[in-house]
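One structure below.
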Amino acid sequence: MPVHVLDHPLAAHILTHLRDQTTKPATFRTLTYQLGLLLAIEATAEIETEAKTVETPLERVTGRVLTHQPLVVVPILRAGLGMVQPFTDIFPDVSVGYVGLERDHATAVARSYYCKLPPLTGCHVFIVDPMLATGGSAVQALDVVKSHGAVAPTLVCIVSAPEGVAEVEKHHPGTVIHTAALDRALNAKKYILPGLGDFGDRLYGT
Ligand code: PRP
Ligand code: URA
1190 MPVHVLDHPL
1200 AAHILTHLRD
1210 QTTKPATFRT
1220 LTYQLGLLLA
1230 IEATAEIETE
1240 AKTVETPLER
1250 VTGRVLTHQP
1260 LVVVPILRAG
1270 LGMVQPFTDI
1280 FPDVSVGYVG
1290 LERDHATAVA
1300 RSYYCKLPPL
1310 TGCHVFIVDP
1320 MLATGGSAVQ
1330 ALDVVKSHGA
1340 VAPTLVCIVS
1350 APEGVAEVEK
1360 HHPGTVIHTA
1370 ALDRALNAKK
1380 YILPGLGDFG
1390 DRLYGT
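Start counting the sequence shown at 1190; every next residue gets the next number (the working numbering).
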């Protein structure tokens, strides 16, 4: 499966501060936004462009502009919300859909509690969720966006575990994953090691 691990000194710097347990929610949110921007740029590197000729103050030149294929960003609530604004800031015409999933604390199995999606046929769809742990949430989100017409949606994460990557590959082979880190493993409670703890709790101070 194509897993792209973000390789940039600034991304490494931001990720280390996100991992640091002393980082407070306000700073955590800012760092999430900054890393989300780097990931958004990386994850959209292959979107289509077309030729456009413009006049500079000096002469005519043919450059490239984005085609009008619609982009849709789909955060997995709630932690995925922290990765929406990077997409909406750099792609003003992007649409936003929502998938609400929550892991049961005892079983780590995700339960669906909300879904609001625009039509996804013919769109570039980016599912954003900072943590890919068991992969259960990502697989459910991929199921639901595909059932709404998405073809080859991309998964954008901050920290991924090998177990989650394998689970996505098992159920949705060929899914492109962009992640800022591929960590070592899951612990007995299905948290990522070394990870950064509970992303949603740290993002929202809960
Ligand atoms: C976290 C995280 C992912 C999920 C990953 O969400 O944001 O959605 O766990 O775990 P998985 O790969 O094992 O499914 P959580 O369910 O804790 O909800 P929250 O975002 O509301 O905190
Ligand atoms: N969800 C989180 O927020 N962190 C983990 O390590 C695993 C799932």
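Cβ coordinates follow ideal geometry from the N, Cα and C atoms, glycine included.
When DSSP labels each residue in this structure, what does residue i get in the three-state scheme?
i        : result
Phe-1315 : strand
Arg-1249 : strand
Val-1243 : strand
Lys-1359 : helix
Thr-1212 : coil
Pro-1191 : coil
Ile-1381 : strand
Ala-1295 : coil
Ala-1229 : helix
Ala-1339 : coil
Leu-1309 : coil
With 16 as the cutoff for other CB atoms within 10 Å, does residue i come out buried or exposed?
i        : result
Leu-1260 : buried
Gly-1363 : exposed
Leu-1344 : buried
Pro-1191 : exposed
Ala-1215 : exposed
His-1294 : exposed
Pro-1246 : exposed
Ile-1279 : exposed
His-1361 : buried
Ala-1200 : buried
Kindly examine the ligand URA and report whether one of its heavy atoms sits closer than 7 Å to the Cβ of residue i.
i        : result
Asp-1387 : yes
Tyr-1393 : no
Tyr-1380 : yes
Gly-1137 : The structure shown does not extend to residue 1137, since the chain is modelled only from 1190 to 1395, so the question has no answer here.
Gly-1384 : yes
Ala-1215 : no
Based on the DSSP output, what are the partners of residue i in its beta bridges?
i        : result
Met-1141 : Here the chain covers residues 1190 to 1395 and nothing more, so residue 1141 does not appear.
Gly-1289 : Leu-1266, Tyr-1303
Ile-1366 : Val-1192, Leu-1344
Val-1254 : Glu-1239
Ala-1374 : Leu-1382
Val-1273 : Note: Val-1273 sits in no beta bridge, so no partner.
Leu-1260 : His-1313
State yes or no: is the C-beta of residue i nearer than 7 Å to some heavy atom of the ligand PRP?
i        : result
Lys-1359 : no
His-1291 : According to the sequence displayed, residue 1291 carries Glu and not His. Glu-1291: yes, Cβ under 7 Å from the ligand PRP.
Ser-1336 : no
Pro-1319 : yes
Ile-1366 : no
Arg-1267 : yes
Gly-1325 : yes
Gly-1353 : yes
Ala-1201 : no
Between the region 1205 to 1213 and the region 1298 to 1318, do at least 3 Cβ pairs fall closer than 8 Å?
no
With contact counted as at least three CB pairs below 8 Å, one residue from each stretch, are the region 1381 to 1394 and the region 1305 to 1314 in contact?
no
Given 8 Å as the limit, is there contact between the region 1228 to 1235 and the region 1356 to 1376, that is, 3 or more CB pairs closer than that?
yes
Tell me whether the region 1282 to 1289 and the region 1347 to 1364 touch, counting them as touching only if at least three CB pairs, one residue from each stretch, are closer than 8 Å.
no
Inter-stretch contact (C-beta, 8 Å, three-pair minimum) for the region 1263 to 1275 and the region 1316 to 1323:
yes
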